[in-house]
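Here the structure is laid out as structure tokens; the discussion comes afterwards.
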Amino acid sequence: MKKLLFIHRSVGENLIVEGDLYNRITAKKLTLEDFNQNTQVLRSLNSNTKMNIQMPGSNTNPDNYSKLFSEEPSEMKDFVLNYDLIMIKSCYPNSNIVNEKSLEKIHNQYNQIFDFFITKPNKKLIILTSPPLQPIMTKKIRARRALELANWLKGKTKSENIMIIDLFNFLADNNGFLKRKYRRFIPFDSHPNKKANKEISNFLAEFIAKL
């Protein structure tokens, strides 16, 4: 049975809890485990284990992933590469892209990640694009840059073992903001709501089952 590791923070936690991701994945005859960088807990269907490892920089931004997936020795990297499928996501603050230089830097960081996995054809990487923000938490030009990033990731030529799941476009309105139907009641909270998490987790399970 294939083993999947999901590395995430709070949005991923909501996908698991509100979206019932574990039950959906196990129904597809896959083994899911997840690592929450906020708590450093490795969870499986039946257990929770506090780990003595963490992401570079203690975060899940593109630069942290590019450092993880490099040739530098790392206990975290060795742990992650024990899995057949690796699913990663950067949290919604990464959709607040302040200028073009920042966007270019993120492109370079993702390119480093792609280059690493091209050399690991027996491992499958699934990248979830970062969710959009509530309107009060960003600006139109920054939201447009986040949309550009999601479209760039989705359209970039990659190795057969690298896949993109475009959460941003699924969750975003025409302005690049979080759709009203997927917002929580508090206007500064950009975590997608329970409705979004249920819809996303169902799609994720169907997608991953085909790999």
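Numbering (numbering that gives the first Met the number 0), first residue to last: 0 to 210.
We treat Cβ as the ideally placed atom computed from N, Cα and C, and that holds for glycine.
Inclusion of I85 and L124 in the CB contact set at 7 Å is warranted, their separation being smaller than that value. Closest in alpha carbon position to A204, among Y21, I6, V16 and I135, is Y21. DSSP places K49 inside the beta strand (DSSP E), whose first and last residues are N47 to K49. Residue state for N35 is assigned as strand, using DSSP reduced to three classes. H106: member of the alpha helix (DSSP H) spanning E99 to I117, first to last residue.
Taking 7 Å as the cut-off, the Cβ atoms of M136 and S189 count as close. Per DSSP, the beta bridge partners of H7 are N35. Annotation for K153: I163 and D165 place their beta carbon closer than 7 Å to its own, counting only its chain and skipping 5 residues before and after. K1 is not a Cβ neighbour of L31, given a cutoff of 7 Å. Under the three-state reduction of DSSP output, T25 falls in the helix class. Under a 10 Å Cβ-count criterion, F167 is classified as buried, with 16 or more other Cβ atoms of the shown protein chains found around its own Cβ.
L14 and Y91 have their alpha carbons spaced roughly 13 Å apart.
Where M86 is concerned, the enclosing beta strand (DSSP E) starts and stops at L84 to K88.
Put simply, the backbone Cα of N95 is about 8 Å away from that of R144. Check the Cα spacing between I24 and each of N35, H7, L44 and F34: the tightest is with L44.
Residue M54 holds the alpha-carbon nearest to the alpha-carbon of S73 among M54, I199, S101 and D83. A straight-line Cα-Cα distance of about 20 Å links F115 and A149. Between K197 and E17, the beta carbon gap of about 7 Å places them in contact (Cβ cut-off 8 Å). Looking only at L4, S158, N174 and M75, the smallest Cα-Cα distance to L132 is reached by N174. Setting aside the 5 residues that flank it on each side, Q111 is surrounded in the same chain by S65, each with a C-beta closer than 6 Å to its C-beta; the list follows chain order.
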